[in-house]
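S.K.: So the sequence lines, in the order shown, correspond to chains A and B.
Numbers in the numbering used here are just positions in the first sequence, counted from 1, shifted up by 60.
Numbers in the numbering used here are just positions in the second sequence, counted from 1, shifted up by 60.
Glycine included, every Cβ here is placed at the ideal spot set by N, Cα and C.
As the structure is a computational prediction, the values presented were derived from the model and not from experiment.
This is the structure, below, for whatever I ask next.
There are 2 protein chains.
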Amino acid sequence: MAADRQSALPTLADVAVEARVSASTASRALQGSPRISAVTTSRVRVAARRLGYQPNRIARSLRTRSADLVGIVVPDIGIGFYSRVIKGAQDVLEKTGYHVLVASTERTEAREHATLRTLSEHRVNGILLATTGRFDFDLRVPVVFFDNLVPHAGVANVARANKEGMELLVAHLVSHGHSKIGYIGGPATSTSGRERLQGFAESLGARRLETPEEYVQLADAAWSPAGGGSAMTQLLGLRAPPTAIVTSSDTLALGAMRAARQAGLRLPNDLALVSFDDPAFGELLDPPITALACNDWHMGELAASLLLHALDNHAVRQPTEVRTPVELIVRSSCGCSEVLPAPP
Amino acid sequence: MAADRQSALPTLADVAVEARVSASTASRALQGSPRISAVTTSRVRVAARRLGYQPNRIARSLRTRSADLVGIVVPDIGIGFYSRVIKGAQDVLEKTGYHVLVASTERTEAREHATLRTLSEHRVNGILLATTGRFDFDLRVPVVFFDNLVPHAGVANVARANKEGMELLVAHLVSHGHSKIGYIGGPATSTSGRERLQGFAESLGARRLETPEEYVQLADAAWSPAGGGSAMTQLLGLRAPPTAIVTSSDTLALGAMRAARQAGLRLPNDLALVSFDDPAFGELLDPPITALACNDWHMGELAASLLLHALDNHAVRQPTEVRTPVELIVRSSCGCSEVLPAPP
DNA sequence: CTGAAAGCGCTTACAG
DNA sequence: CTGAAAGCGCTTACAG
Numbered sequence: 061m062a063a064d065r066q067s068a069l070p071t072l073a074d075v076a077v078e079a080r081v082s083a084s085t086a087s088r089a090l091q092g093s094p095r096i097s098a099v100t101t102s103r104v105r106v107a108a109r110r111l112g113y114q115p116n117r118i119a120r121s122l123r124t125r126s127a128d129l130v131g132i133v134v135p136d137i138g139i140g141f142y143s144r145v146i147k148g149a150q151d152v153l154e155k156t157g158y159h160v161l162v163a164s165t166e167r168t169e170a171r172e173h174a175t176l177r178t179l180s181e182h183r184v185n186g187i188l189l190a191t192t193g194r195f196d197f198d199l200r201v202p203v204v205f206f207d208n209l210v211p212h213a214g215v216a217n218v219a220r221a222n223k224e225g226m227e228l229l230v231a232h233l234v235s236h237g238h239s240k241i242g243y244i245g246g247p248a249t250s251t252s253g254r255e256r257l258q259g260f261a262e263s264l265g266a267r268r269l270e271t272p273e274e275y276v277q278l279a280d281a282a283w284s285p286a287g288g289g290s291a292m293t294q295l296l297g298l299r300a301p302p303t304a305i306v307t308s309s310d311t312l313a314l315g316a317m318r319a320a321r322q323a324g325l326r327l328p329n330d331l332a333l334v335s336f337d338d339p340a341f342g343e344l345l346d347p348p349i350t351a352l353a354c355n356d357w358h359m360g361e362l363a364a365s366l367l368l369h370a371l372d373n374h375a376v377r378q379p380t381e382v383r384t385p386v387e388l389i390v391r392s393s394c395g396c397s398e399v400l401p402a403p404p
Numbered sequence: 061m062a063a064d065r066q067s068a069l070p071t072l073a074d075v076a077v078e079a080r081v082s083a084s085t086a087s088r089a090l091q092g093s094p095r096i097s098a099v100t101t102s103r104v105r106v107a108a109r110r111l112g113y114q115p116n117r118i119a120r121s122l123r124t125r126s127a128d129l130v131g132i133v134v135p136d137i138g139i140g141f142y143s144r145v146i147k148g149a150q151d152v153l154e155k156t157g158y159h160v161l162v163a164s165t166e167r168t169e170a171r172e173h174a175t176l177r178t179l180s181e182h183r184v185n186g187i188l189l190a191t192t193g194r195f196d197f198d199l200r201v202p203v204v205f206f207d208n209l210v211p212h213a214g215v216a217n218v219a220r221a222n223k224e225g226m227e228l229l230v231a232h233l234v235s236h237g238h239s240k241i242g243y244i245g246g247p248a249t250s251t252s253g254r255e256r257l258q259g260f261a262e263s264l265g266a267r268r269l270e271t272p273e274e275y276v277q278l279a280d281a282a283w284s285p286a287g288g289g290s291a292m293t294q295l296l297g298l299r300a301p302p303t304a305i306v307t308s309s310d311t312l313a314l315g316a317m318r319a320a321r322q323a324g325l326r327l328p329n330d331l332a333l334v335s336f337d338d339p340a341f342g343e344l345l346d347p348p349i350t351a352l353a354c355n356d357w358h359m360g361e362l363a364a365s366l367l368l369h370a371l372d373n374h375a376v377r378q379p380t381e382v383r384t385p386v387e388l389i390v391r392s393s394c395g396c397s398e399v400l401p402a403p404p
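So, in structure tokens, the structure goes:
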């Protein structure tokens, strides 16, 4: 029975008896304390191995008042961006001896709330959080916000260089001669949604290009392909539709491309398209997509490092805001011709 | 300071004092025990709220000897299949009051080993495990294996209907008139690698179709696109190359398609291709890919349910092996023409 | 209906 | 170099 199995697990006391020492000594020996003689240490270790002893971290955490745990909370673990950030973060966290608790909130505030509470009750040392919507939770734990920022909160904030990215995208389209550029973005309720939209507007403004209001279409809060598709359909239905589209995420781009295709358009001939976020296998799409690579893994490493720093330096300081760089990957959905090796 | 913040958290004792009751009563009141009067209960709750009390789960777990925690361990959280299984599992687990700890082992046995040990030390109630390579760890925790099976081990084993899936794929290619069918698969070191290869061979055998040895190419253990690409290149370099390819995963298919394109081939005209696993946006690829949808979310729900069942029924029983169904999604990489709505 | 006491399995001052 | 004792923050028989 599970319960029996559980209670049958050997404890430190069992190890101590087996090694004929006190629990204190057993504990120290297992920690490799220099205060314990080599003979005793090895005797304890042998005993532990013989019994198949596995320390109870729960007891240890209670006593030391540290769980050595960091929580990572994201809106949707299935989105490539988030899973890559998680990997990067997990990598540095585990190297430092922390264990990681990953949670996906499915973009609902209620689940996010519940998750944060649970993590807090588990006494995690810190949290990496890409919050969904406005964050108004009273967390007693150091948190670094990423992707969706909460200015002046937490120990740090990390996001992509959204405006710079938009500038890259718009500039490239303009270099192809486009002046009627449409925008398909996430709603302005998140940092990315807001900043990318602003960046788009500013980049057009700086070039004195017209932006009819209908050229800007915002999709659903999940930035879903379906939302990107409807937005594209809207744009295409305009009396004077744009000749080029900027999309503020790969998910949106994919839906938009599908909608354009279903409307009988061929990219990039009939319509150019470029996107924030480089989707996996962007070069295998029809056409290969010109997009912004964001080095998500690095963002995870960075967020984790900032948290670690705060955990070490117990001092409360001004929260830092960090931006991670983006890079334009030119393929052919923008109108550039794809370079293919000649057939054999 | 973090340490101060931590120690400043109110405890149950603080709540008890505030509510002028004993700790026992406070504890019971917070649990909603019927043994406590309504007045007292609400007095305690008010006190708890006033103090911003958050129960310490570590202490609770130590006392009750249950962490209410389930671990989910996968080779790579970035793979769509795994993240979908996780979501399905998490969904049913959280509804039942368990919290979920997700870990990605990056396909290394050492990390898997370390992760399992950590989970065990955290006294998780159970584990859902998609193991990397041979599993030889002495786990004292109920585990249900999924994707990569360990027959007669754990409380249950769940996998996709691999052979049936291969039969669907091969049959479809044959219905297009193909008889020279190549195979690009993962190595036979995992359940999926092994069973899909067998299924492929059996499906061909049942039709008395030749399978020259060189028609079967196995990629790397990560089933990477790069591996799929090299395999395709091998196949294409043959004196009499196959006219159709079956790929045993979406990742492999993507790499294979890229390689075929770089070799100057056009799918499906020059070469047909079908794949196990339906990649996200398979319909946006060039060409849209014919593939097997596997209902991964459901597999997660199933695995979680089986674990829950074992956790309830403390009895040790014969481990069950369950297969989840697959479904062929016909698009056009197989040679079927894609049906498009007429342009407006 | 409420409380005092024991104990979950560790770690760590404090003594020696 | 080793040990006895206290305590982390809860829950739960046991009493009343």
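I'd like to know whether the C-beta of Lys155/A is nearer than 8 Å to at least one C-beta of chain B.
M.R.: Locating residue 155/A in the first sequence gives position 95, where the first residue counts as 1. No, its Cβ sits nowhere closer than 8 Å to a Cβ of chain B.
S.K.: Tell me, please, which residues DSSP counts as bridged to Ala370/B.
M.R.: Position 310 of the second sequence, counted from the first residue, corresponds to residue 370/B. Bridge partners of Ala370/B: none, in fact.
S.K.: For His173/A and chain B, any beta-carbon pair shorter than 8 Å?
M.R.: Indexing the first sequence from 1 puts residue 173/A at position 113. So, not an interface residue.
S.K.: Alpha carbon to alpha carbon, how far is Ala304/B from Thr124/B? Give it in angstroms, no decimals.
M.R.: Walking along the second sequence from the start, residue 124/B turns up at place 64. Walking along the second sequence from the start, residue 304/B turns up at place 244. Answer to the nearest angstrom: the Cα atoms are 59 Å apart.
S.K.: Would you verify that the beta carbon of Arg144/A is, or is not, closer than 8 Å to some beta carbon of chain B?
M.R.: As a position in the first sequence, residue 144/A is number 84, starting the count at 1. Yes - at least one Cβ of chain B is within 8 Å of the one on Arg144/A.
S.K.: Give the range of the beta strand (DSSP E) segment to which Ala277/B is assigned.
M.R.: Here residue 277/B refers to the residue found at position 217 of the second sequence. In the sequence under discussion, the amino acid at residue 277/B is Gln, which differs from the Ala named in the question. That run of the beta strand (DSSP E) goes 276-278.
S.K.: Which residues share a DSSP beta bridge with Ala286/B?
M.R.: Counted from its first residue, the second sequence places residue 286/B at position 226. Note: Ala286/B sits in no beta bridge, so no partner.
S.K.: Does the Cβ of Glu255/A have 16 or more other Cβ atoms within 10 Å, making it buried, or fewer, making it exposed?
M.R.: The count along the first sequence starts at 1 and reaches residue 255/A at position 195. That one is buried.
S.K.: Per DSSP, which one or two residues make a beta bridge with Glu262/B?
M.R.: What you label residue 262/B is simply residue 202 of the second sequence in a count that begins at 1. None; Glu262/B has no bridge partner.
S.K.: Do you know whose CA, among Arg120/B, Val215/B, Ala279/B, Ala68/B, lies nearest His369/B's CA?
M.R.: Position 309 of the second sequence, counting from 1, holds the residue named residue 369/B. The shortest Cα separation from His369/B among Arg120/B, Val215/B, Ala279/B, Ala68/B belongs to Val215/B.
S.K.: Ile96/A to Gln114/A, Cα distance in whole Å?
M.R.: Stepping through the first sequence from its first residue, residue 96/A is reached at position 36. Stepping through the first sequence from its first residue, residue 114/A is reached at position 54. Cα to Cα, the separation comes out at about 20 Å.
S.K.: Please compile the residues from chain B whose C-beta is within a distance smaller than 7 Å of the C-beta of Val334/A.
M.R.: Along the first sequence, one-based indexing puts residue 334/A at 274. Ordered by position in chain B, no residue passes the 7 Å Cβ test against Val334/A, which lies about 16 Å from the chain.
S.K.: Below 8 Å between beta carbons is the criterion; list the residues of the stretch 240-259 of chain A that meet it against any residue of chain B, in chain order.
M.R.: Result list empty, no residue passes.
S.K.: So which of Gly395/B, Gly360/B, Ala170/B has the shortest CA-CA distance to Val130/B?
M.R.: Here residue 130/B corresponds to residue number 70 of the second sequence, with the count starting at 1. Comparing Cα-Cα distances from Val130/B to each of Gly395/B, Gly360/B, Ala170/B, the minimum goes to Gly360/B.
S.K.: Would Ala351/B and Pro339/B be called neighbours here (beta carbons separated by less than 8 Å)?
M.R.: One-based indexing of the second sequence puts residue 351/B at position 291. One-based indexing of the second sequence puts residue 339/B at position 279. Closer than 8 Å, so yes.
S.K.: Looking at Leu327/A: is its Cβ nearer than 8 Å to the Cβ of Pro347/A?
M.R.: By 1-based counting over the first sequence, the position of residue 327/A is 267. By 1-based counting over the first sequence, the position of residue 347/A is 287. Contact flag set, yes.
S.K.: Compute the distance between the beta-carbons of Ile14/A and His182/B, then report whether it is under 8 Å.
M.R.: There is no way to answer for residue 14/A, as the model of chain A reaches only from 61 to 404.
S.K.: Going by DSSP in three states, Ser82/A sits in which element: helix, strand or coil?
M.R.: Residue numbering aside, residue 82/A sits at position 22 when the first sequence is read from its first letter. Coil.
S.K.: Quick one: using the 10 Å Cβ neighbour count with 16 as the cut-off for buried, is Val134/A buried or exposed?
M.R.: As a first step, residue 134/A is located in the first sequence; it is residue number 74 there, counting from the start. Burial call: buried.
S.K.: I want to see whether chain B comes within less than 8 Å of Met317/A, judged by CB atoms only; does it?
M.R.: Sequence index remark: in the first sequence, residue 317/A carries index 257 (1-based). By this cut-off, Met317/A is an interface position.
S.K.: Within 10 Å of its beta-carbon, does Pro94/A have 16 or more other beta-carbons around it, so buried, or fewer, so exposed?
M.R.: Locating residue 94/A in the first sequence gives position 34, where the first residue counts as 1. Exposed: under 16 other Cβ atoms inside 10 Å.
S.K.: Answer with yes or no whether the minimum CB distance from Lys147/B to chain A is below 8 Å.
M.R.: Position 87 of the second sequence, counted from the first residue, corresponds to residue 147/B. At least one chain A Cβ lies under 8 Å of Lys147/B.
S.K.: Is it buried or exposed for Val306/B, if we count other Cβ within 10 angstroms and need 16 for buried?
M.R.: Here the question's residue 306/B lines up with position 246 in the second sequence. That one is buried.
S.K.: Are any of the Cβ atoms in chain A nearer than 8 Å to that of Ala127/B?
M.R.: Taking the first residue of the second sequence as 1, we reach residue 127/B at position 67. Ala127/B counts as touching chain A.
S.K.: Do you know whose CA, among Ala219/A, Ala108/A, Glu172/A, lies nearest Phe141/A's CA?
M.R.: Stepping through the first sequence from its first residue, residue 141/A is reached at position 81. If we check each option's Cα against that of Phe141/A, Ala219/A comes out closest.
S.K.: Any C-beta of chain A sitting closer than 8 Å to the C-beta of Val6/B?
M.R.: There is no way to answer for residue 6/B, as the model of chain B reaches only from 61 to 404.
S.K.: Quick one: any contact between the stretch 293-300 of chain B and the stretch 223-238 of chain B, if contact means 3 or more CB pairs under 8 Å?
M.R.: Verdict: no, contact absent.
S.K.: So Thr178/B contacts chain A; which residues on that side make the cut at Cβ distance below 7 Å?
M.R.: By 1-based counting over the second sequence, the position of residue 178/B is 118. The answer, in chain order, is His159.
S.K.: Closest by CA to Ala68/B, which one among Arg80/B, Arg105/B, Asn116/B, Leu90/B?
M.R.: Stepping through the second sequence from its first residue, residue 68/B is reached at position 8. Out of Arg80/B, Arg105/B, Asn116/B, Leu90/B, Asn116/B has the C-alpha closest to the C-alpha of Ala68/B.
S.K.: Report yes if the C-beta distance between Gly287/B and Ala313/B is below 8 Å; otherwise report no.
M.R.: Along the second sequence, read from residue 1 onward, the residue named residue 287/B stands at position 227. Along the second sequence, read from residue 1 onward, the residue named residue 313/B stands at position 253. Their beta carbons are not under 8 Å apart, which means Gly287/B does not touch Ala313/B by this criterion.
S.K.: Please report the distance separating the alpha-carbon of Ala108/B from that of Val75/B.
M.R.: The sequence position of residue 108/B within the second sequence is 48, counting from 1. The sequence position of residue 75/B within the second sequence is 15, counting from 1. Near 5 Å, if we compare the C-alpha coordinates of Val75/B and Ala108/B.
S.K.: Ordered along the chain, which non-local residues of its own chain (more than five positions away) have a Cβ less than 7 Å from that of Phe197/A?
M.R.: Residue mapping note: residue 197/A aligns to position 137 of the first sequence, counting from 1. So the list reads His173, Leu176, once near-sequence residues are dropped.
S.K.: Let me make sure I understand the geometry here. Which of Ala282/B, Arg120/B, Glu270/B, Gly259/B has the alpha-carbon closest to that of Gly246/B?
M.R.: The sequence position of residue 246/B within the second sequence is 186, counting from 1. For the residues Ala282/B, Arg120/B, Glu270/B, Gly259/B, the minimum Cα distance to Gly246/B belongs to Ala282/B.
S.K.: Which same chain residues, not among the five before or five after Asn208/B, have their C-beta less than 6 Å away from its C-beta?
M.R.: In the second sequence, counting from the first residue as 1, residue 208/B sits at position 148. Same-chain partners within the cutoff: Ala190, Thr191, Ser250, Thr251.
S.K.: Should Gln91/B be flagged as near chain A, meaning a C-beta pair shorter than 8 Å?
M.R.: Looking up residue 91/B in the second sequence gives position 31. So, not an interface residue.
S.K.: Which word fits Asp356/A, buried or exposed, when buried means at least 16 other C-beta atoms lie within 10 angstroms of its C-beta?
M.R.: Position 296 of the first sequence, counted from the first residue, corresponds to residue 356/A. Flag for Asp356/A reads buried.
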